[in-house]
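Numbering (full-length UniProt numbering), first residue to last: 1 to 387.
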């Protein structure tokens, strides 16, 4: 309800201070406050300052994909490896930064599940049913199926096959290296490994085993790379392990202190901010500068439709996050289909705070009957006529 003039006059200036407003607004989620009418410019600007750097839902349930839980930044939008309903029916689906569907690239792929863009018009793609990673050139379907272009369509430029892997979980690019997470067996026990391949040639450089002994059917989440740090989501253990992938050493873990996870799935890291999707929410976490310090939760974003969340990726100031691996029952996209959500800034900060207009000078109102303009010069000897 807008404040009346008398109410504003009775309000103490201290109640509108930044300290008081920031404390009060900290109890209000961005979702609850977005779009609400504000009583004054002071409250509006304080609210937008409170939401600086925070995200809200821009669009939800975009697209229709089968058994997909991985997405990567593509152009100003996103690319999703669409597994497909049957063999050789998958593709790489693309969307713009406002959620509009773009071209479907490399159609007729055999069960693609993970994709990593190499930056030269090619991409690594995990063909799940073949347990093989291939490098393909990104292209739209040829118009003539009998042309030379059609013969080269989806032709593998390079292949990576891991002989002792019974399941390849995911992979990510780390500069000139490709890091592949997979499961194998040693002495009858399941062991998770990271293989480091040369991104240009696909040659195996080295490998190392991950700490812990996961169960054979344990679900692995996503991975993210920043510099020498490799972040690995352990879904069933509800933790995120951080390795130095060059040395193969576990440096620390998140999820056992103040920050807790509930079946985490996707992960993305930018600078000192980590984004982790889990069962029904996304946690935005500030990583500590000191390894002995605890991380800080900056924001908790609830699932737009209350369903479980999957892999996620960042592209500029936008965050893309996959929906449930199996679509919700009764959904319009079908129980074997999923979708992607789009999150963005609550407000464009450059447009939030406007410079205050200069306060107009007070204008004196002359008393009634007084002259409202200066006298004009009168000639000498001039006398006003009597009325």
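For glycine and all other residues, C-beta sits at the position ideal for the given N, C-alpha and C.
It is roughly 15 Å from the alpha-carbon of residue 322 to the alpha-carbon of residue 283. For residue 177, the three-state secondary structure derived from DSSP is strand. Assignment of residue 41 by DSSP, reduced to helix, strand and coil, places it in the helix class. In the DSSP annotation of this structure, the continuous segment of the beta strand (DSSP E) that includes residue 302 starts and ends at 296-302.
In this structure, the alpha-carbon of residue 245 lies about 33 Å from that of residue 96.
Per DSSP, reduced to three states, the secondary structure at residue 139 is coil, with no helix or strand assignment. In the displayed model, residue 155 falls within coil according to three-state DSSP, outside both helix and strand. Excluding residues up to 5 positions away in sequence, 238, 278 and 279 lie with their Cβ nearer than 7 Å to the Cβ of residue 262 in the same chain.
Here residue 199 is buried, its C-beta having at least 16 other C-beta atoms within 10 Å. Between the alpha carbons of residue 166 and residue 219 lies a distance of about 14 Å.
Contact check for residue 294 against residue 286 fails: the beta carbons are separated by 8 Å or more. Within the same chain, and ignoring the five residues on either side of residue 174 in sequence, the residues whose Cβ sits closer than 7 Å to its Cβ are 225 and 245.
Boundaries of the beta strand (DSSP E) around residue 244: 239-244. In this structure, 273 is the residue among 298, 300 and 273 with its C-alpha nearest to the C-alpha of residue 289. Sixteen is the threshold: when 16 or more other Cβ atoms of the shown chains lie within 10 Å of the Cβ of residue 160, as they do, the residue is buried. Remark: C-beta atoms of residue 132 and residue 124 do not approach each other more closely than 8 Å. Across the set 155, 142, 103 and 120, the C-alpha of 155 shows the shortest separation from the C-alpha of residue 134.
When DSSP states are grouped into helix, strand and coil, residue 291 belongs to the coil group. In this structure, residue 73 lies away from residue 113, with their beta-carbon atoms at least 8 Å apart. About 5 Å separates the beta carbons of residue 265 and residue 221, which is inside the 8 Å limit, making them a contact pair. Contact annotation, residue 91 with residue 79: C-beta distance approximately 10 Å; criterion of less than 8 Å not satisfied. In this structure, the CA atom of residue 267 is about 26 Å from the CA atom of residue 130. For the segment 178-234, not one full-length alpha helix (DSSP H) segment reaches 4 residues or more. For the set 102, 100 and 106, the Cα lying nearest the Cα of residue 88 is the one of 106.
Counting of Cβ neighbours within 10 angstroms places residue 252 among the exposed residues, the total staying below 16. As summarised for the segment 35-111, the continuous beta strand (DSSP E) elements at least 3 residues long and confined to that stretch are 55-66, 71-74, 77-82, 90-95 and 101-109, given in chain order. CA-CA distance, residue 206 to residue 61, rounds to 40 Å. Apart from the 5 residues on each side of it in sequence, residue 305 sits with its Cβ closer than 7 Å to the Cβ of 60 and 61 in its chain, given in chain order.
Bridge pairing for residue 343: 57 and 319 [DSSP]. When 104, 121, 168 and 223 are compared, the shortest CA-CA separation from residue 142 is found for 104.
Comparing C-alpha distances from residue 181 to each of 51, 168, 249 and 110 shows the shortest one belongs to 168. Straight through space, the alpha carbons of residue 188 and residue 46 are spaced by roughly 60 Å.
If you check the CB distance, residue 94 and residue 121 do not come in under 8 Å. Apart from the 5 residues on each side of it in sequence, residue 336 sits with its Cβ closer than 8 Å to the Cβ of 66, 67, 85, 326 and 327 in its chain, given in chain order. For residue 275, the uninterrupted beta strand (DSSP E) run begins and ends at 273-277, by DSSP.
By the CB criterion at 8 Å, residue 75 and residue 342 fall outside the cutoff.
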